[in-house]
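Single-structure report; data block below.
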């Protein structure tokens, strides 16, 4: 469980969040939407402990995050600006991540195969990341997060740059892996339809606060208006 208590975040005089409170429950997939500049990536950076410049308290299963080093966080984060080891192949990048998370070798092999097959990356397994298209790099970025088996997995615009077939593959893999991992998935995206297909709850980040929306009752036109006009 992630508990946010009285979170306040500023950039200079600009207030992004003011006394924000919310609790992310275990075994749930959350979709996060909001207009550009609403603070989605800022919130994800804070939840991953990548950004510690805020006031308030954020705890994971009762442990305050500010007492945990970034590298020790139980969080896998597919950031919107991915980085890979270009001297390694796709397969080797994934194996290195699995090893760093102390995943048993055979389990890592099996999981990598499932991810590569599920995301349509199998034919690229011996490629360097530098040889990949933007969309394929995005799929690799998502794979790098899912291989880690952490309590919390965060995706920042995971569907960006993907064609409809690739989007559906990613939706299926997210649902499949979440059923096995039973952790918290948080997915920030402008693609409301994709979020509806995979998420248990949809969260609208607006005016520095989180508004929870039932995924079956999402008014796409209303949200689209907020996203485009910032009302």
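In UniProt numbering, the protein residues as written are 1 to 231. Backbone N, C-alpha and C define an ideal beta-carbon position, used for all residues, glycine too. Just so we're clear, the structure is a prediction, and the values are computed from it rather than from any experiment.
{"query": "Examine the Cβ distances between the region 116-126 and the region 69-76 and report whether three or more of them are shorter than 8 angstroms.", "result": "no"}
{"query": "Does DSSP classify residue 100 as helix, strand or coil?", "result": "helix"}
{"query": "In the DSSP assignment, what are the bridge partners of residue 32?", "result": "188, 203"}
{"query": "Rounded C-beta distance between residue 150 and residue 76? I'm assuming under 8 angstroms.", "result": "4 angstroms"}
{"query": "In the structure shown, what three-state DSSP assignment does residue 9 receive?", "result": "strand"}
{"query": "To the nearest angstrom, how far is the alpha carbon of residue 102 from that of residue 108?", "result": "9 angstroms"}
{"query": "List the endpoints of the continuous alpha helix (DSSP H) containing residue 110.", "result": "105-118"}
{"query": "With burial defined as no fewer than 16 other Cβ atoms inside 10 Å of the residue's Cβ, what is the status of residue 111: buried or exposed?", "result": "buried"}
{"query": "Quick one: what's got a C-beta closer than 7 angstroms to residue 233's C-beta in the same chain, skipping five residues either side?", "result": "Here the chain has residues from 1 to 231 only, and residue 233 is not among them."}
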